[in-house]
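Those letters in the sequence shown? Residues 1 to 379, per the UniProt record's numbering, in order.
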Amino acid sequence: MTQPLPDELWMHMLRYMDTTVAVFSCTQAFRRTNQRQERGVLASLWCLGRAAGKNQVWPHLHVTRVLLDNPSSRGHVEAIVAHYSVVHLNDHLNEVFDLDWLSQFLHPTDELVWHSLPKFKDRHVAWLWYSKWVDPFHSQITAMTCGVVAPPIPWLQLTRLTSLNLGSAQMGSLAPVLEFASSTSSHLVHLDVELAKVGNGVVSDDMLRHTNHWLTTTPVQVFKFSAWKWTHQWGLSMVVDTFFQALFGSDKLRHSHARHLTIHRIKPITHNGLDCVFQALVNSQIQKLMITACGLFGSKWNRLASHVAAAQSLQCVDLSKNQMSDEGATCLATALRSNTSIQHLDLRLNGISEIGAEKVRMMSPVPSLQIMESKDWHK
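Written out as structure tokens, the structure reads:
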């Protein structure tokens with residue numbers, strides 16, 4: 001009788017397949033021709049794909065409450081989880097974050113991605129729980145997504161964290177996060193911070209200094225910030241100017257190939273401040289730029305359009321919700337004639353009329369345009 005292939009070899013072969021469809025077609029074909037094969041990674045893949053959805057099983061495994069509550073699917077998870085290089089933890093279920101369970105079934109080099117965090121009524125208990133993960137447990141905790149938090153923040157002990165998405169944050173929680181990012185022990189290279197819409201706090205100079213230090217000393221890959229507010233105007237404060245220069249100007253950031261920059265609802269804005277940003281952008285490696293809801297109205301576009309056009313690394317630009325008029329849009333479209341890199345331009349929710357939108361469409365060389373809510377143009 002032919003011996004079945006080892007599980008490790010099957011997983012190695014599956015990783016060379018281009019799509020999830022191809023992977024599950026393979027598992028289905030194998031099951032049809034090997035009816036007696038009731039165990040192994042292919043059987044577990046097939047069963048988990050039916051229970052949770054194929055995209056939740058391949059190429060990464062998403063461990064959820066639903067899978068672990070069901071004895072059958074739990075068995076398949078425990079049989080196959082060690083064969084993954086990346087495992088996502090998706091629920092507040094204690095067992096998903098159980099160190100004993102994870103150390104028993106995960107491969108020592110697995111990367112863990114947390115999409116939610118366990119909830120503790122006692123902050124001291126929470127601090128002790130997170131401190132257990134500081135020890136080089138057996139896995140790399142690489143990414144975390146969480147909502148409202150209040151300092152002190154226990155998970156800032158996780159110095160090997162490389163990616164953090166923080167939504168609806170209060171100003172009080174932003175300060176320790178930025179200090180953590182700039183610390184010498186931090187490995188954070190992806191930071192997405194959105195402040196809560198309700199709140200009167202402002203980003204302090206110390207917080208900006210921590211951000212500047214992180215940007216200029218770390219190989220940052222992604223930095224997105226939304227709803228940040230400060231009392232200084234761009235171009236009128238040394239620390240704010242240094243912050244925007246650090247976004248584009250440092251050798252460390254430029255050579256780290258940072259690709260995405262999002263600036264949303266950042267006010268107030270001066271001519272000089274934006275001019276500084278766009279001039280620095282010309283020499284950066286940024287491919288996707290989003291500057292939205294920042295009030296870029298009036299004559300600002302006459303001054304800044306040439307800098308946008310000169311940024312030859314840009315491929316996708318979103319300037320929506322900026323009160324841009326027909327005149328500003330026309331100025332931008334004219335300047336973009338000299339830019340061959342931008343493939344997508346979003347100017348929606350501005351003050352552009354239908355006549356102005358048609359004029360921009362005729363003038364702009366950008367292949368994909370979004371100007372009116374009801375119309376998209378693809379050349």
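Here a beta-carbon is modelled for each residue, glycine too, at the ideal position from N, C-alpha and C.
Quick caveat: nothing in here was measured; it's all calculated off a predicted structure.
Next on the checklist: Just to confirm before moving on: does the CB-CB distance between Asp326 and Ile352 stay below 8 Å?
Outcome noted: yes
Checklist entry - Which residues share a DSSP beta bridge with His62? => result His88
Next on the checklist: On a Cα-Cα basis, can you pick out the residue from Val41, His210 and Met171 that is closest to Leu179?
Outcome noted: The question names Leu, but residue 179 is Glu in the sequence shown. Of the candidates Val41, His210 and Met171, the one whose C-alpha sits nearest the C-alpha of Glu179 is His210.
Next on the checklist: For the region 78–92 against the region 56–65, do three or more pairs of beta-carbon atoms, one drawn from each stretch, fall closer than 8 Å, so that the two count as touching?
Outcome noted: yes
Checklist entry - Taking 8 Å as the CB-CB cut-off, is His83 touching chain B? => result You won't find chain B in this structure, because it holds only one protein chain.
Checklist entry - Does the distance from the CB of residue 410 to the CB of Leu195 come in under 8 Å? => result The first residue shown for the chain is 1 and the last is 379, placing residue 410 beyond what the model contains.
Next on the checklist: If you follow the beta strand (DSSP E) that His344 is in, where does it begin and where does it stop?
Outcome noted: His344 to Asp346
Checklist entry - For the alpha helix (DSSP H) that contains residue 381, what are its first and last residues? => result Residue numbering for the chain in the displayed model covers 1 to 379; residue 381 lies beyond these limits and cannot be assessed.
Checklist entry - Taking the C-alpha atoms as reference points, what is the distance between Met372 and Leu349? => result 7 Å
Checklist entry - In terms of alpha-carbon separation, which member of Val240, Ser226, Ala52 and His107 lies closest to Asp206? => result Val240
Checklist entry - beta strand (DSSP E) containing Leu195: first to last residue? => result His190 to Leu195
Next on the checklist: Helix, strand or coil for Leu236? Go by DSSP, reduced to three states.
Outcome noted: The predicted position of Leu236 is uncertain, since its pLDDT is 49 and thus under 50; no value can be drawn from it.
Checklist entry - How long is the line joining the alpha carbons of Ala335 and Ala246, rounded to whole angstroms? => result 26 Å
Checklist entry - Closest by CA to Leu158, which one among Asn165, Trp133 and Ala309? => result Trp133
Item to check | Under 8 Å between C-beta atoms of Ala51 and Ser73 | outcome: yes
Item to check | Same chain, Cβ closer than 7 Å to Gln279, neighbours up to 5 away in sequence not counted | outcome: His307
Next on the checklist: Can you find the residues in the same chain that come closer than 6 Å, C-beta to C-beta, to Ala333, ignoring five residues on each side of it along the sequence?
Outcome noted: Val360, Met363 and Ser364
Checklist entry - Relative to the C-alpha of Asn165, which residue among Val113, Lys321 and Lys119 is closest? => result Val113
Next on the checklist: Suppose contacts are defined by Cβ-Cβ distances below 8 Å. Is Thr242 in contact with Asn212 by that definition?
Outcome noted: yes
Item to check | Rounded Cβ spacing between Ala175 and Pro154 (contact assumed at less than 8 Å) | outcome: In fact, because the Cβ distance is near 16 Å, the residues do not count as touching under 8 Å.
Checklist entry - Do the CB positions of Leu89 and His115 come within less than 8 Å of each other? => result yes
Checklist entry - With 16 as the cutoff for other CB atoms within 10 Å, does Ser186 come out buried or exposed? => result buried
Checklist entry - When we look at the beta-carbon of His124 and count the other beta-carbons within 10 Å, is it buried (16 or more) or exposed? => result exposed
Item to check | Span of the alpha helix (DSSP H), counted from its first residue to its last, around His83 | outcome: Here His83 belongs to no alpha helix (DSSP H), and DSSP marks it neither H nor E.
Item to check | 8 Å Cβ cutoff met for Ile286 and Ser320 | outcome: no
Item to check | Neighbourhood of Ala305 by C-beta distance below 6 Å, restricted to the same chain and skipping five residues each side | outcome: Cys331, Leu332 and Ala335
Checklist entry - With burial defined as no fewer than 16 other Cβ atoms inside 10 Å of the residue's Cβ, what is the status of Ile355: buried or exposed? => result exposed
Item to check | Buried or exposed (CB count within 10 angstroms, at least 16 for buried), Leu45 | outcome: buried
Checklist entry - What is the rounded straight-line gap between the Cα of Arg254 and the Cα of Gln56? => result Residue confidence for Arg254 is low, a pLDDT of 42 falling below 50, so the modelled location carries little weight and cannot support an answer.
Checklist entry - How long is the line joining the alpha carbons of Gln37 and Asp110, rounded to whole angstroms? => result Here the model assigns Gln37 a pLDDT of 49, short of 50, so the residue's position is not dependable, and the following value carries that caveat. Distance between the alpha carbons of Gln37 and Asp110 is about 27 Å.
Item to check | Local Cβ density within 10 Å of Gln104, reported as buried at 16 or more and exposed below that | outcome: exposed
Item to check | Three-way DSSP call (helix, strand, coil) for Ser25 in this model | outcome: helix
Next on the checklist: If I follow the unbroken alpha helix (DSSP H) through His213, where does it start and stop?
Outcome noted: Asp205 to Thr217
Checklist entry - Pick from Val177, Asn322 and Ser341: whose alpha carbon is nearest that of Gly167? => result Val177
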